[in-house]
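Chemist: The number in the numbering used here is simply the position in the sequence shown, starting from 1, with 1 added. Think of the CB as a built atom: it goes at the ideal place given N, C-alpha and C, for glycine as much as any other residue. Before anything else, here's the structure in question.
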Amino acid sequence: MDPEEQNALFESSRDFIQSQLSSHSYIQNPKVLIICGSGLSTISTLLTETESINYTSIPGFAASHVPGHAGELLFGLLSGVPVMCMLGRFHYYEGHSFFTNTLPIRVAHLMGVTHLVVTNAAGGVRNGFKPGDLMVINDHINFPGLAGNHPLRGLNLDNFGDRFLPLSDAYDFDLRVKLFESVKALNIKRNVHEGVYFYAAGPTFESRAECRMIRLLGGDAVGMSTVPEVIVARHCGMKVLGLSLITNSVLSTEPESAKDCSTKKEITDQTKGMASHEEVLQSANDAAQDVKKLVEKFLSLL
């Protein structure tokens with residue numbers, strides 16, 4: 002699809018969405034896009050004066066098939082701010098292209114969105130990270146992108162941004178400060194860290210050796226989303242805040258030696274500590290109230 006065809010699809014998506022909504026300016030022209038990660042769709046309950054559209058009815062949008070992702074756009078007000086909320090996202094591991102994964106970002110930009118708040122569930126890599134902790138993202142490692150599989154690959158969309166996009170400060174400093182001000186104001190008891198998000202394509206959880214590599218490369222948390230959306234949001238000129246909920250601690254110890262175990266009577270349970278999507282959703286559910294309060298307070302500071 003050439004740039005002219007891509008732009009036509011973005012505009013068609015925008016026009017369809019706006020045709021399905023009321024004429025209120027706060028509905029037609031949202032200022033903040035919130036992407037709800039796995040199990041974090043309860044953020045949407047904060048919105049008032051809401052209107053919604055199912056993904057499958059929107060030109061160019063895909064269906065969301067991951068448990069914990071509702072698959073609809075929600076519009077409304079949150080802390081007095083016009084908000085567009087994605088209840089579920091599209092993942093590369095579902096078979097979608099990066100173009101499809103990030104199409105909603107382009108459409109949101111055309112609707113007037115200037116800020117992206119992106120949330121995700123992630124595995125804790127840094128020593129000391131525990132399930133239930135939060136991490137404000139201050140940088141990322143785009144592992145698929147370093148290998149050439151990048152959301153900006155192809156002819157540049159000049160009407161959105163420059164060909165060579167700097168990403169040294171992709172996660173806005175002032176927005177991160179506001180988030181930590183919100184943590185302090187709300188007296189949030191859980192740990193709120195700051196660190197580097199490592200993007201892996203998925204859908205498998207990382208092997209032990211991969212977890213050790215991620216830690217060695219500087220990743221503090223690892224997940225299967227967020228980075229393509231952030232890159233395209235920055236290409237559109239949006240300011241970005243990223244927030245990871247640590248839902249599990251990665252398993253990075255070396256496997257027990259089968260050779261050594263051949264002389265042992267007791268064998269260690271090799272499945273202990275393995276990640277699961279059920280664990281991810283449960284951790285997200287447990288932390289949902291704090292995440293909701295943080296997002297609400299943060300938006301009130303914009």
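Please return the same chain residues whose Cβ sits closer than 7 Å to the Cβ of K298, not counting the five positions on each side in sequence.
Modeler: Result list for K298: S183, A186, L187, in chain order.
Chemist: Based on the DSSP secondary-structure assignment, which residues constitute the bridge partners of A123?
Modeler: Partner(s): I247.
Chemist: Let me know the secondary structure DSSP gives N160 once reduced to three states.
Modeler: DSSP places N160 in coil when its eight states are reduced to three.
Chemist: Can you tell me whether DSSP reads S13 as helix, strand or coil?
Modeler: Residue state, collapsed to three classes: helix.
Chemist: Going by Cα to Cα distance, which pick from M214, V119, E12 is closest to G89?
Modeler: For G89, the nearest C-alpha among the options comes from V119.
Chemist: Hey, would you say I247 sits closer than 8 Å to K131, going by beta carbons?
Modeler: Cβ distance < 8 Å, so I247 and K131 count as in contact.
Chemist: For P229, which of helix, strand or coil comes out of DSSP?
Modeler: P229 falls in the helix class under three-state DSSP.
Chemist: Note down, in chain order, each residue of its chain lying with its Cβ closer than 8 Å to the Cβ of F11, except the 5 sequence neighbours on either side.
Modeler: For F11, where only same-chain residues beyond five positions count, the Cβ hits under 8 Å are G61, L104, R107, V108, L111.
Chemist: Please list the terminal residues of the continuous alpha helix (DSSP H) segment that includes A202.
Modeler: Counting along the chain, A202 falls outside any alpha helix (DSSP H), and DSSP gives it neither H nor E.
Chemist: Expressed to the nearest angstrom, what Euclidean distance is found between the alpha-carbon atoms of T49 and L22?
Modeler: If I take the Cα positions, the gap works out to 15 Å.
Chemist: Anyone know if the C-beta pair for V197 and H151 falls short of 8 Å?
Modeler: Result no, Cβ atoms of V197 and H151 do not sit closer than 8 Å.
Chemist: Spatial neighbours of I18 within its chain, please: C-beta separation below 8 Å, excluding the five flanking residues on both sides.
Modeler: These residues qualify, in order along the chain: I54, I59, L74, V108, M112.
Chemist: Taking just the CA atoms, how far does Y200 sit from L217?
Modeler: Answer to the nearest angstrom: the Cα atoms are 14 Å apart.
Chemist: For the putative contact between E121 and S226, defined by C-beta atoms under 8 Å, what is the C-beta separation to the nearest angstrom?
Modeler: The amino acid occupying residue 121 in the given sequence is Asn; Glu does not appear at that position. N121 to S226, Cβ: 5 Å. Contact.
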